[in-house]
Every structure is written in structure tokens, then in C-alpha cells.
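Chains D and L, in that order, give the protein sequences. Residue numbering for the first sequence follows numbering that gives the first Met the number 0, beginning at 0 and increasing consecutively. Residue numbering for the second sequence follows numbering that gives the first Met the number 0, beginning at 0 and increasing consecutively. Below: the structure, in C-alpha cells.
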Amino acid sequence: MPANLETIETVRNLGGEYKYGFVTDIESEKLPKGLSEDTIRFISARKQEPEWMLQWRLKAYRAWLKMADKGEPAWAKVSYPKIDFQDIHYYAAPKKKTLKSIDEVDPELLATYEKLGIPLKEREILAGVAVDAVFDSVSVATTFKDKLKELGIIFCSMSEAVREHPELVQKYLGSVVPITDNFYATLNSAVFSDGSFVYVPPGVRCPMELSTYFRINEAKTGQFERTLIVVDKGAYVSYLEGCTAPMRDDNQLHAAVVELVAMEDAEIRYATVQNWYPGDKEGRGGIYNFVTKRGACRGARSKISWTQVETGSAITWKYPSVILQGDDSVGEFYSVAVANNAQQADTGTKMIHLGKNTKSTIISKGISAGRAQNTYRGLVRVMPNAQGARNYSQCDSLLIGDRCGGHTVPYIEVKNRSAKVEHEATTSRISDEQLFYCRQRGLSEEDAVSTIVNGFCKEVLQKLPMEFAVEAQKLLGVSLEGSVG
Amino acid sequence: MSAAPFVDTIAEAYRAAAPALPGAEQRAVAARRQAAMEAFRRHGLPNHKLESWKFTSLSGLEKQAWSLPANEGGIDAARIEAAALVSADSYRLVFINGRLNAAASRLNGLPDGATLLPLAQAGDALADVLAGEGDDKAAILAELNAALASDGLVLRLQDGVVLDKPVEILAFGAPALVNLRHLVLLGRGAQATIVEGYRDSGIAAPGWTNIFCRIGLGEEARLTHVRVQAENPAAYHAALGKVSIGAGARYAHVSLQAGGNVARHELHAEFAGSGAEADLQGLVLARGTAHLDHTLYLHHAKPDCRSNQLFKHVVDDRGHAVFQGGIRVAPHAQKTDAQQLSRTLLLADRAQIDTKPELEILADDVKCSHGASIGDLDPQQVFYMKARGIGDDDARRLLLSGFAYEVIAAVPEGNLRDKVEALVEDWLKAGAA
């Protein structure tokens, strides 16, 4: 398949240093730095939002101000200089916006996509992947819309959804992550720029993988993505999210919120490959990634599955969770988190069992190298009414080098006797025997490490859709470059 | 502040009792106690806002006024013998109302190089024994203990001294705030076995026992430390232990929690030298509304040490068990081998467990793992026994015995193990009745 070859070609280009360290020079419209009610009114007006949306944002902003008085959350095992929330641009958009066809897209932007490996022009051969490309904060191109429309599937930018489908947005936005959920989610609720909105009507199986490539481009622009995916009774969707960001020296704040809602018998698979700029070897620059991702299995027999490969960002603070409300619902979390050099990752999941016979699986693989700190922090909670709940968790850490740290902090709270909860965690390093075995067969040390690490992560990588799996494997190798020898 | 009246009643109790506390005549001791009391007044009781106290609340303590126990108190000899965990062949310190009962105690016949005293007779060493743990709210009960400690055990063994018989501490709860403070220091190559028993005095009124224990093991020393907490269902019990394990030394600890209303046993162990070993095991039997907490921090500060933790919980009725097990491997503590396992059986619908194993690993050449499992008895195992003619109750009890026995087996063989096993069996039988 040509699409595969293309993906492989793209991935091949990933080799060596971080390849996405370029800044596309497109005129962009940017709000001055700082955050106030006026900023929010401006964002809301720019996006031609209805009054209720503005009020919703303002409510979040006022709640955030109260939270800000108490300070940012400090419980995670990460350290970074204090963020000045007034020193951030809260809105940036490529200037040219109303596009009738792909030809109107800024050629420079298209070139950027080429480098990123999103061949918009050849989108039909892109292995059935429809791309809603987010460039900075405004969605500029959405593909395959017509085909999806025929099935009644809504796949558009959040701003568009606010205008076109207010009844759905009003009903579900903030229903999984309430606006006062946590510091960063509340900030996001106040200033969210854009993101994706997906609605799959009852009984429809989305025929292709939906995908959004996020890209932070404008220097010093906070990215506040907001994604909402609602899958109605008996429907199915698989969603891919992938990220790359240009190299620069200023820390960039990213506080996204992703909400998933699965009704009766619905299934959502959400896969992420996160490869934002991790900072240089001394830890300068790099993205601060404070993300709230949560899914609600509202209906009986619904299923939500998170798969993530986290290789980028200077700081990752991310806990994709599932609230298992419906009876017999299923939650899954498969994660690979790689931290090299001065990266810090504090990531994990929460599985909240409310319904009867709910099941959850957690497989987490943490890899630390250089001076990085990698923490798994997870919660499994079985509430009193969750008869027959079942959880299996496995958290493995791999340490490469003696200056890094791998930590595991699982919380397990069980209030029902019929629950069965199992947890295992191990920490180890790549053994000399393993390395020797590979070297003996002619692999270079770095290839050997890459091979062993890929084996360590296999259970998770297998869960990724094919397009991502290839890329993710390469990424692991690239991320760990220079960690041995 | 709502806590103010509570800390004030404690401070008042302290003022009233201070002149009669051991060492009151020594200026350094009095100043230390005063400072510790001030620290406690400043912080108040630890609460759920502190990460290490997330699952256990002592707020029930604030609902009543506490006094220190009256000095005199006696318990009938038969009751003491029944509560004792080691036979006549032991050194024994019996504490009633927070004071040594000399008549029931046995401190004679020690080998040369061994010192065994009640804290009240520690004399000039008292100021050292009361030394603080720092101004930390999470460990503030140790300060409260330093202010109010009325007695305790002081055991010192010089290099190479092997204690021929186990030392048993037998403490009976009182309907008051009892503070005992223990110090155990073993020289190079010294060996001892200590058994701590906190038992029901037969007085049903709620009491609060607050224990602090410091243990220092020299190079190649060996200490076996068995701890049994089986107070009455109204009792509050909080214990904090600090253990330092020297190079090549071995520390074996078994903790049984089978009583009390709210009981917490917190233990911080640190390897101070390489090649050392720690084996920590615990069995928790929670029934009624008992809230029983084990919180452990094991610090692998030195390379080439080995640790093993096994904690088992049987939770019935509306009982609530908590297990927090932290393992920290310091940078350069290579060749560390740290294993931890927590297993729980929930026997009733309202029974619950909160567990938080925590691995913090900063060295790469290590073998660390932890596991946790929670569930009811396996119906297949029960069925297997029923198919062989064993009744449902008996089958369940046999399985529970088997579950508990793995921990009991860590208690040194003989009379002590038999006693601990009998205690566990009685608990299990009481549930079946």
C-alpha cells in the first residue's frame, strides 16, 4: 500500500536529531500577552461564539482565579520554574481563515504539513485517515467531511461545533470534566482555543480512523485544545491524536482537555502519540504538558480504551481516566512513557468503578534515561455498588543509566467485597546479557537498546492502530538516542 | 480553629502531669518536653490533607477530653499471664496505665554488656531518648509522645552480646492517653528478640495509646521484632517506629493488628550500611468498624541491601484496612533487591481497603517489584473443600487460616508462634460464631 510506504518514509525521516525543529513563517494574528476577562471576551468574540459559551468561559475564569490564589497543584513529582500566566499569548490564529478548498490553504502551511507527514493532497490514499489538522489554534482544513456526513457523523472543529451544533455541545461539554475540575482544566475551560468535536449517531460504526495532528507553532502561544467525543448507542469510533512541535528555547504551556462520552454498547478507542519538543539536553525549552483526559462509560456495555505513547514534552502531567458508570462497561489504559535527558513525566490513569461487573485493565511501561524522572501515578477505585468489578494493573519501569528515576505510585481503594483487583509493578534495567546477545548478532548498541525497549513496550504498541505503531516504534528509538554508551 | 480546644485539653493535661513525668527534675528533659508540647500545639493532629494520612483519620480523638492515666493501677495476675505472648522464659516489662508494674515484670539475669531498663529509670540518658523527629506534622505524634512519655523500654546491647531470652513488653490500655517510648540499640554483632504486646485491659472505655519506638542496629546485628496490637474495639492506637539498620545487619519484623477502633502502625526503616536485610511482614484482622493502618517507608540508602515486605489483610463487617508501603532506592544504592506484596480478603459487603504501594527508584541496577491483590475468598477453593464434605463455614475458616499462616510463619518458632497463632484462630472463630 502506498500509504504504508509513505508512512515508513516519513518515519525514516525521523532519525537523528529532533526533526521538527523549524518554525513556519506565516503571518498570524495574536492577542497580546496576558489573561483577563477581556481576553476571554476577545477569544469568544473572535470565534463568533453564542452568549452561553462566553458565560461558560467566564464562569470557569472566575473559578480559576480562586484556584490561582491557592497556587498550582504541586503534588506531582515534577519541578519547574513558576509559570507566569500573564506572560502567555492566549490566542493565535493563522490569518487566512475562510477556505473553500484545499487550494486556498497557504502554501507554506501545506509545506509544513508535508514535513509533518500529513499529505493533505493525497489524503484519499492516506489509509482511510481523515485529518482535521489543527494549526496553532484554528482548524484550517477538514477532510473526508462529506463521507462522514452521509453517515451522520459530525467531525469538525470545536468552534464550528459551538456554532453549528450548540445543543450537543451544551449537553456534553464539561459533563465529564466539570469546569472546576482542576487548575489546568479550569484554565482550559476559560480560554480554550479550539480542538475537535466528534459525534457518532446511534448504531454507526465510523468507517475510518479519525485523526488530528496538533501543532504548536507560534512562539509563546499557549495551546488550550478542547476535544469532545460523543459516541451514541451502539456506535464506534477510533480516534488518533499525534503531536509535534518546533524547537525553541522558551517553555510553552499546553493545557488540553479531552472529554469522551460513550453511551450504551458504544466503543471509543483513543490513541495518542505525543512527541512535543522535550527541551535540549540541559532541559532548556520544551513543552509543559498539563492535560486532563477523561472518558465516561455512561451506558451499559460501553467501552473506552486509551492508548498513549508519550515521548516528548519537558513536563508531562497527564492521567487519562475512565469513569465506569454503566454496568458491564470496560475501561482500558495502555501507556508507554519515555523520559530522557532532563524530561519529567508524571502520568498514569484513574479507573473509577461505579457500575456492576465493570472491568478495567492498566498496562503502563515507563522508561527513564539520562537524568529523567518518570512516575506512574494511578488510581483504581471500586465503589460500594460496583458488584463484581475487576481490575488488572501492571506497571513496569525500565531504567537506563544510574542518574534517572522510575517511580510507581498506585492508589487502590476498594469498597466492595466482590471486586477482584490485582496490581503488579516491577523496576529493572536492561541487563548486560540482553545487550551482549544483541551486540553479538551485529546490532549497534543503540539499535540493541531500541530493540529491547520495543520488546519491553510490545503489549502497548500492539494496541496502536497500524499507522501509529510504525511511527511509535521509531520514536522510541529516537527518544532514547544518546542514552547509552 | 475547631482543633484549638482539643490541643488545649492536651496541653492542660501535660501541665498537670509534667511534674510527675520521668526526668522532670532535669532541666534539659523538662525543656525538651516543653518544646515538644509546643510543636504539637502548633500542628495539632495530622489529618487527611497530609499525603501519608490520606486514608486514616484521628478526628474521633477530638471528640473527647483526654487526661493522662492515674499513676497507680493493677491488673490481676491471671490476666497478665493470659495476655503474655512468651512463656516464663523471658525478660518482661509489664506496663499498666503507662507505668512499669515492677511486681509483674522480670528484668534480672541479664548477660554482661546488656542494659535493660524502664524509661523512667534511664536517668541522664533520658534527654537522648526523648530526642525529636523534627518539626513535621506527619510525625507530630512522636513529639506528643516525647512531651508525655511516662515510661517505656530501654534496651542496649554492647558489641557481640547475644540476649539469651526474648524481651517482652506487655502494655495494657487505659481509658486515658498513654504514651510509651522505647529505645533499642544493638552493638556490632549483637542479637535480640523483642516482643511488643498491646492488649485489652478489660476496661471497655476508649483509650488512646501513643507509642514511639527507636531502633538502631549496629553492623552485623540481628533483631527479631514481633508486635501484636489487640486492644479493645474502642481503643485508639498510634505507633511510630524508626529503625536504622547497619551494614550486614538483619531486621525481621512481624506486626499483627487485631484490635482497636482506629489503629495505625507506622514504621520507617533505613539501611545505614550495605549488605543489610529487612524482612517486614504484617497481618491485619479487621472486624466491626475497626480501621487498621500499616504505613511503611523503607529507605534503601545504601547499595546491596535486600528487603522483603508481605502484608496480608482480612477485613470483615465494616472494617477498613489501609496499607501504604513506600520503598525509596537512593541514587547509587545499586544491587538493591526490594520486594513487596500486599494481599487482601474482603469478607463483607461494607468492608474496604485502601492501598498505596509506592516505589521511588533512583538507581538502575536494582530488582524492585510490588504486587497487590484484593478480592473475596476464591469460590472455587471453597467449592473444592465442600465437595470433599467440609461445611461452608469450616471451609472458609480453613482457607482464612491458610491465608494468615504465611505471616504467622515469620514469627520465631515455639511458644511465641503458638500464642500468635491461637490469637489469630480465636479471631477467626469469633467471626464464624
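Where is the CB? At the ideal position from N, CA and C, for every residue including glycine.
Beta-carbon gap between Ser510(D) and Trp63(D) smaller than 9 Å: Here chain D comprises residues numbered 0 to 484, so residue 510(D) is not present and cannot be evaluated.
Near Ser400(L), what residues of its chain come up, given a Cβ to Cβ distance below 8 Å and the 5 sequence neighbours on each side ignored? Val423, Glu424 and Leu427
For Gly43(L) and chain D, any beta-carbon pair shorter than 9 Å? no
Taking the beta strand (DSSP E) that Arg32(L) belongs to, which residues open and close that run? From DSSP, Arg32(L) is part of no beta strand (DSSP E) but of the alpha helix (DSSP H) over Arg26 to His42.
Pick helix, strand or coil for Glu50(D), following the three-state DSSP scheme. Looking at Glu50(D) - three-state DSSP - the assignment turns out to be helix.
Considering only C-alpha positions, which residue in the set Ile286(D), Ser301(D), Trp275(D) and Glu309(D) is nearest to Ile322(D)? Ser301(D)
Residue nearest to Phe270(L) in terms of C-alpha spacing, selected from Val242(L), Ala289(L), Gly206(L) and Gly287(L): Each of Val242(L), Ala289(L), Gly206(L) and Gly287(L) was checked against the Cα of Phe270(L), and the nearest Cα belongs to Val242(L).
Would you check if the distance between the CB atom of Gly387(D) and the CB atom of Ala418(D) is smaller than 9 Å? With respect to Ala418(D), Gly387(D) sits close: the two C-beta atoms are nearer than 9 Å.
So which of Ala38(L), Trp52(L) and Ala403(L) has the shortest CA-CA distance to Gln256(L)? Ala403(L)
Excluding the 5 residues preceding and the 5 following Phe298(L) in the sequence, name in chain order all residues of the same chain whose CB lies nearer than 6 Å to its CB. Here the sequence assigns His to residue 298(L), which means Phe is not the residue at that position. These residues qualify, in order along the chain: Glu269 and Arg327.
Which residues DSSP lists as bridging Asn107(L), in chain order: Partner(s): none; Asn107(L) has no beta bridge.
Please classify Asn384(D): does DSSP put it in a helix, a strand, or coil? coil
For chain L, is any of its Cβ atoms less than 9 Å away from the one on Cys456(D)? no
With a threshold of 6 Å on Cβ separation, who are the neighbours of Ser158(D) within its own chain once the five nearest residues in sequence on each side are excluded? Lys46 and Asp193
I need the DSSP call for Arg327(L), collapsed to helix, strand or coil. In this structure, Arg327(L) counts as strand in the three-state DSSP scheme.
What's the gap between the Cα of Phe182(D) and the Cα of Ala191(L)? 53 Å
Could you tell me whether the stretch 165-173 of chain L touches the stretch 85-99 of chain L, where touching means 3 or more Cβ pairs closer than 8 Å? yes
Do you know offhand how far Glu48(D)'s Cα is from Thr38(D)'s? Cα-Cα distance, rounded: 14 Å.
Mind checking the stretch 406-434 of chain D against chain L and listing, in chain order, the residues whose C-beta falls within less than 8 Å of any C-beta there? His406, Thr407, Val408, Pro409, Tyr410, Ile411, Glu412, Val413, Lys414, Asn415, Arg416, Ser417, Ala418, Lys419, Val420, Glu421, His422, Glu423, Ala424, Thr425, Thr426, Ser427 and Arg428
What three-state label does DSSP hand Gly476(D) in the structure shown? helix
Reducing DSSP to helix, strand and coil, say where Phe435(D) ends up. Three-state DSSP puts Phe435(D) in a helix.
If you measure from the beta carbon of Ser368(L) to each beta carbon in chain D, is any gap under 9 Å? yes
Proximal residues, the stretch 352-376 of chain L versus chain D, C-beta separation under 7 Å: Ile352, Asp353, Thr354, Lys355, Pro356, Glu357, Leu358, Glu359, Ile360, Leu361, Ala362, Asp363, Asp364, Val365, Lys366, Cys367, Ser368, His369, Gly370, Ala371, Ser372, Ile373, Gly374 and Asp375
Is Leu60(L) helix, strand or coil when you go by DSSP? helix
Between Arg14(L) and Leu129(L), is the Cβ-Cβ spacing less than 9 Å? no
Helix, strand or coil for Lys311(L)? Go by DSSP, reduced to three states. Secondary structure at Lys311(L): strand, using DSSP grouped into helix, strand and coil.
Would DSSP call Pro409(D) helix, strand or coil? strand
Name the one or two DSSP bridge partners that Thr335(L) has. Its beta-bridge partners do not exist; DSSP assigns none.
Could you work out which residue in Gly196(L), Gly186(L), Leu44(L) and His181(L) is closest to Ala220(L) when comparing CA atoms only? Selected option, being the one with the closest Cα: Gly186(L).
Would you mind stating whether Pro356(L) and Ala73(D) have Cβ atoms separated by less than 9 Å? no
Based on Cα-Cα distance, which residue from Tyr235(L), Pro330(L), Phe54(L) and Ser200(L) lies nearest to Lys62(L)? Nearest of Tyr235(L), Pro330(L), Phe54(L) and Ser200(L) to Lys62(L), Cα basis: Tyr235(L).
Residue of Asn288(D), Asp327(D), Asn340(D) and Lys364(D) minimising C-alpha distance to Asn356(D): Asp327(D)
What do you get for Thr374(D), buried or exposed, if any count of 16 or more other CB atoms within 10 angstroms of its CB means buried? buried
Return the chain-ordered list of same chain residues with a C-beta closer than 7 Å to the C-beta of Thr97(D), the five sequence neighbours on each side being excluded. In this prediction, Thr97(D) has a pLDDT of 43, which is less than 50 and means its spatial position is unreliable; nothing more can be read from the coordinates.
Within 10 angstroms of the Cβ of Gly294(D), are there 16 or more other Cβ atoms? Answer buried if so, exposed if not. buried
Which residue wins for smallest C-alpha separation from Val230(D), given the options Phe154(D), Val408(D) and Leu475(D)? Phe154(D)
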